[in-house]
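Engineer: Below you'll find the structure I mean.
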Amino acid sequence: MTAALKLWAVALLLQPDLAVAGPKKLTIVFTGDNGGEIAPCG
Amino acid sequence: MLDAGNALFKTAAPGDEQARKRAEFILRSMGELGTSAMAVGSRDLAAGPEFLKKAAARARVQLLSANLADGSGKLLFSAATKLTVAGVRVGLFGISPVQDADGVRGSPPVQAALAEAHKLRGKVDLVIALAAVPYADALQLSKEAGSAVDFILQSHESRGTGIPQGDGRNFVIPTGERGRQLGRLELDLSGSGRWVDAGQRARNEQLIKVLDVQIAEARKRFDSGSPEVKQSLSQTMQSFQARRDSLAKESSSLAKAPRSLKLDFLTLGSEYPDDPALKAQVAVLEPQPSASEP
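Protein sequences, first through last, are from chains A and B. If you count the first sequence from 1, you need to add 440 to reach this note's numbering. Take the second sequence: its letter number 259 is residue 255 in this note's numbering, and every next letter is one higher.
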């Protein structure tokens, strides 16, 4: 398992939330401080 | 999908060829994920602004920084962008740390942020700062911006996860670290006015449950205690009850809020499967030692 792979899988699952949320509701998914990480994160 | 910056390199020092390849891979993955924008942090500039601009353009990731300029004072990246998602108009701007090296000058980020926030406010429903700056700068922006900004997504020191910090006019939001988490901010924009952290209500309710248990326990001991113990327990129970009442009152007030946020983090554990194609690319870029190696 790697950080990048997991991020990929989870973000794809969450992306549809952005599109189907009601007009007054919004879900934002985000990352930060990845620090060049692609290696296994345990 | 947004990124608060400091995504690409392990340090701000110039990276080698391998580090640049890894940075390009990360940007490409972010582009394929549909990342709408990313702030430029100090750990994104390790290979210089030209490398970053070209790699981001290839990956179709929008870079934002309202305060990074070249030697002539011209901004190196777009300061802000607007997009509409699920009927909500979102204004985004980026800020970077103060710096003056290798032809990149970072002016004071809070001033630049305030200028962008005021430009966006009134034109959008939501103003979000992608703040690749020290936490102290993010807190200063929170204080000075008031309701000109809604959320400040901060990266710089790899602070990891946490709870939203704010007074209801805006909140500073932690963004995780090292790709270990994915942040999720659920917003209800049904009304106007101050923001309320729905997570605070949940935390209050948890504390109320704990206090209820402690009060019940104190009552039991009170019934069988000596006069001295009873006097001490009476004061304790009064203190617990006052705290409980205060939390219940706050929760009731939070429940009536017209605009709320709920922050949580998905920790990327083994329950999330690998993408085989990405896994193959990672194996090339960063081979893992086999179990038999010392």
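Even glycine gets a Cβ: it sits at the ideal position worked out from N, Cα and C.
Taking only the alpha-carbon atoms, compute the straight-line gap between Glu153 of chain B and Ala0 of chain B and give it to the nearest angstrom.
Structural biologist: Their Cα atoms are separated by approximately 12 Å.
Engineer: Hey, out of B:Arg165, B:Glu13, B:Glu112, whose CA is closest to Asp193 of chain B's CA?
Structural biologist: When only C-alpha atoms are compared, the closest one is B:Arg165.
Engineer: Comparing alpha-carbon positions, which option in B:Ser230, B:Ile169, B:Ser186 lies nearest Gly179 of chain B?
Structural biologist: It is B:Ile169.
Engineer: Kindly list the residues whose CB is nearer than 7 Å to the CB of Phe21 of chain B, restricted to its own chain and excluding five residues on each side of it in sequence; keep chain order.
Structural biologist: Hits under 7 Å: Gln277, Leu281.
Engineer: Where does the unbroken alpha helix (DSSP H) through Arg240 of chain B begin, and where does it stop?
Structural biologist: From DSSP, the alpha helix (DSSP H) with Arg240 of chain B extends over 223 to 251.
Engineer: Give the single residue among B:Gly37, B:Ser38, B:Leu23 whose Cα lies nearest to the Cα of Thr31 of chain B.
Structural biologist: If we check each option's Cα against that of Thr31 of chain B, B:Leu23 comes out closest.
Engineer: Spatial neighbours of Gly102 of chain B within its chain, please: CB distance less than 6 Å, with the 5 preceding and 5 following residues excluded, ordered by chain position.
Structural biologist: So the list reads Asn63, Leu64, Ser92, Pro93, Val94, Gln95, once near-sequence residues are dropped.
Engineer: Taking only runs of the beta strand (DSSP E) that begin and end inside the stretch 62 to 143 of chain B, which ones reach a length of at least 3 residues, in chain order?
Structural biologist: Runs of the beta strand (DSSP E) inside the stretch 62 to 143 of chain B: 76 to 81, 84 to 91, 95 to 97, 100 to 102, 122 to 127.
Engineer: Who does Ser256 of chain B pair with in a DSSP beta bridge?
Structural biologist: DSSP output for Ser256 of chain B lists B:Asp184, B:Val192 as bridge partner(s).
Engineer: So Gly87 of chain B and Leu122 of chain B are in contact, right, with Cβ under 8 Å, and what is the actual spacing, rounded?
Structural biologist: That belief holds up - the Cβ atoms of Gly87 of chain B and Leu122 of chain B are roughly 7 Å apart, short of 8 Å.
Engineer: How about the stretch 36 to 56 of chain B and the stretch 74 to 81 of chain B: do they share at least three Cβ pairs that are nearer than 8 Å?
Structural biologist: Touching, no.
Engineer: Go ahead and pull the three-state DSSP assignment for Lys465 of chain A.
Structural biologist: It is a strand residue.
Engineer: Can you pull the chain A neighbours of Phe73 of chain B, defined as C-beta to C-beta under 9 Å?
Structural biologist: None at all; the shortest Cβ gap to chain A is about 17 Å.
Engineer: Quick one: which residues of the stretch 10 to 22 of chain B get their C-beta closer than 9 Å to a C-beta of chain A? List them in chain order.
Structural biologist: Those would be Gly11, Ala15, Arg18, Ala19, Phe21, Ile22, in chain order.
Engineer: Going along the chain, which residues of the stretch 158 to 176 of chain B sit with their C-beta nearer than 9 Å to a C-beta in chain A?
Structural biologist: So the list reads Ile169, Pro170, Thr171, Gly172, Glu173, Arg174, Gly175, Arg176, given in the order they occur along the chain.
Engineer: How close, in whole Å, do the beta carbons of Ala35 of chain B and Leu116 of chain B come, if the pair is a contact with beta carbons under 8 Å?
Structural biologist: Rounded, the Cβ-Cβ distance is 15 Å, inconsistent with contact.
Engineer: Which residues in the same chain have their Cβ closer than 8 Å to the Cβ of Asp66 of chain B, if we skip the five residues on either side of it in sequence?
Structural biologist: Within the same chain, Asp66 of chain B has close Cβ partners Pro45, Leu72, Gly99, Val100, Arg101.
Engineer: If you count every other CB in all the chains shown that lies within 10 Å of the CB of Gly187 of chain B, and 16 or more means buried, which is it?
Structural biologist: With fewer than 16 Cβ atoms within 10 Å of its Cβ, Gly187 of chain B is classed as exposed.
Engineer: Kindly list the residues whose CB is nearer than 7 Å to the CB of Gln237 of chain B, restricted to its own chain and excluding five residues on each side of it in sequence; keep chain order.
Structural biologist: Cβ within range, chain order: Ile211.
Engineer: Hey, quick one: how far does the alpha helix (DSSP H) through Val280 of chain B stretch, first residue to last?
Structural biologist: 272 to 281 is the extent of the alpha helix (DSSP H) around Val280 of chain B.
Engineer: Does Phe470 of chain A have its Cβ less than 9 Å from a Cβ in chain B?
Structural biologist: With 9 Å as the cut-off, Phe470 of chain A counts as an interface residue toward chain B.
Engineer: How about Ile124 of chain B and Ile468 of chain A: do their beta carbons lie closer than 9 Å?
Structural biologist: Yes, the Cβ-Cβ distance between Ile124 of chain B and Ile468 of chain A is below 9 Å.
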